[in-house]
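Beneath this line is the structure, given in structure tokens, with notes to follow.
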Amino acid sequence: METSSNALAYFIYLPVVIVLTWFVAHTLFKNALIFMLDIFHGRDDLATSTNKLFELGFYLLNVGFALLIMEVSYVISGNQALLEVLSYKLGGYSIYLGIMLFLNLYLLFRGRRISKQRQMMMELAAKPSIEPQQ
Amino acid sequence: MNLAAIIIYLVLAYVITVHVGWKFYTNGRVYILHLMENDAVFTDAINKLLLTGYYLLNLGYSAIMITAWEKVENLEELIANVGTMLGRILLTLGFIHFINMMVIYQLSKTHKNPVKK
């Protein structure tokens, strides 16, 4: 009697996906905090809370997407089919995670650039009022 | 089997919704406070409204989704169904979260006095 391996596939898929998402989010947002501190000019509470909010959103979107693509609608029979379907799903998911990672990096660099520009503008605007006093 | 699936789904959805909502509420306050230029009254009002709207939207959505439940006959269908349903909720949550942050950011732009700074 051939039993289907669908449940086995889910039991392998779920832990791998959750650990992968956790690892990427953990690494990304540990390092993003430095960017955030830079963007908010060392205002720690604001930087950490913004970082936390982005981390939550990242988890929600990615875990949600991972769960959404989990279902295999046909019966998986045999080890080869199991391996193939798992590698397809996990590979696709990690490509998606990579794209999300780079999107986040882009946002961080952009935020940093804009914040730098704003600071420069403020310094320029502040200069004339200082010079006459000297 | 259907009942088991629905119970697992509801418990998970409830735990995730409340946990995430609480995190948004506590972390979001500082964020909104800064964007509203330390206007604490306005901030608390917005924060409470956002939390209430969030709970209503989510719990309502997860309750409505139960009516669209397919027939569950074995373990793999249970995992697949619960997974898909939760996935949808999480995705919508994520989208709403980023839209919220964007709206608050836009609000702060109009709320700020442009002459100041």
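Chains A and B, in that order, are what the protein sequence lines are.
Letter by letter, the first sequence follows residues 1 to 134 of the numbering used here.
Letter by letter, the second sequence follows residues 1 to 117 of the numbering used here.
For each residue, glycine too, the CB sits at the ideal point set by N, CA and C.
Nothing here was measured: the structure is a model prediction, and the numbers come from that model.
Rounded to the nearest angstrom, what separates residue i and residue j at their Cα positions?
{"i": "arginine 118 of chain A", "j": "valine 103 of chain B", "result": "21 Å"}
{"i": "tyrosine 96 of chain A", "j": "lysine 116 of chain A", "result": "30 Å"}
{"i": "arginine 29 of chain B", "j": "isoleucine 12 of chain A", "result": "39 Å"}
{"i": "serine 73 of chain A", "j": "arginine 113 of chain A", "result": "46 Å"}
{"i": "serine 4 of chain A", "j": "alanine 45 of chain B", "result": "54 Å"}
{"i": "tyrosine 55 of chain B", "j": "lysine 89 of chain A", "result": "32 Å"}
{"i": "leucine 33 of chain A", "j": "histidine 97 of chain B", "result": "19 Å"}
{"i": "methionine 65 of chain B", "j": "threonine 48 of chain A", "result": "35 Å"}
{"i": "leucine 28 of chain A", "j": "leucine 101 of chain A", "result": "7 Å"}
{"i": "alanine 5 of chain B", "j": "glycine 42 of chain A", "result": "47 Å"}
{"i": "valine 92 of chain A", "j": "leucine 57 of chain B", "result": "First, the amino acid is wrong: residue 92 of chain A is glycine here, not valine. If I take the Cα positions, the gap works out to 31 Å."}
{"i": "leucine 83 of chain A", "j": "phenylalanine 23 of chain A", "result": "23 Å"}
{"i": "leucine 33 of chain B", "j": "serine 108 of chain B", "result": "10 Å"}
{"i": "lysine 52 of chain A", "j": "valine 20 of chain B", "result": "11 Å"}
{"i": "methionine 120 of chain A", "j": "aspartate 44 of chain A", "result": "21 Å"}
If the criterion is Cβ atoms closer than 9 Å, does the pair residue i and residue j meet it?
{"i": "methionine 36 of chain A", "j": "threonine 21 of chain A", "result": "no"}
{"i": "leucine 93 of chain B", "j": "leucine 60 of chain A", "result": "yes"}
{"i": "leucine 161 of chain B", "j": "tyrosine 105 of chain B", "result": "Residue coverage of chain B in this structure runs from 1 to 117, which leaves residue 161 of chain B outside it and unanswerable."}
{"i": "methionine 1 of chain B", "j": "glutamate 70 of chain B", "result": "no"}
{"i": "serine 62 of chain B", "j": "tyrosine 14 of chain B", "result": "yes"}
{"i": "threonine 84 of chain B", "j": "leucine 124 of chain A", "result": "no"}
{"i": "methionine 70 of chain A", "j": "alanine 68 of chain B", "result": "no"}
{"i": "asparagine 74 of chain B", "j": "alanine 7 of chain A", "result": "yes"}
{"i": "alanine 135 of chain A", "j": "isoleucine 99 of chain A", "result": "No answer is possible for residue 135 of chain A: the residues shown for chain A start at 1 and end at 134."}
Do we get a CB-CB distance below 9 Å when we pair residue i with the residues of chain C?
{"i": "methionine 101 of chain B", "result": "No chain C is part of this structure, whose protein chains are labelled A and B."}
Assuming residue i and residue j form a contact by the criterion Cβ under 8 Å, report the distance between their Cβ atoms to the nearest whole angstrom.
{"i": "phenylalanine 65 of chain A", "j": "glycine 87 of chain B", "result": "7 Å"}
{"i": "lysine 23 of chain B", "j": "leucine 46 of chain A", "result": "Not really, about 16 Å apart at Cβ, beyond 8 Å."}
{"i": "asparagine 100 of chain B", "j": "leucine 59 of chain B", "result": "With a Cβ gap of about 17 Å, asparagine 100 of chain B and leucine 59 of chain B do not count as contacting."}
Q. In chain order, which continuous runs of the beta strand (DSSP E) of length 3 or greater are located wholly inside the segment 27-108 of chain B?
A. none
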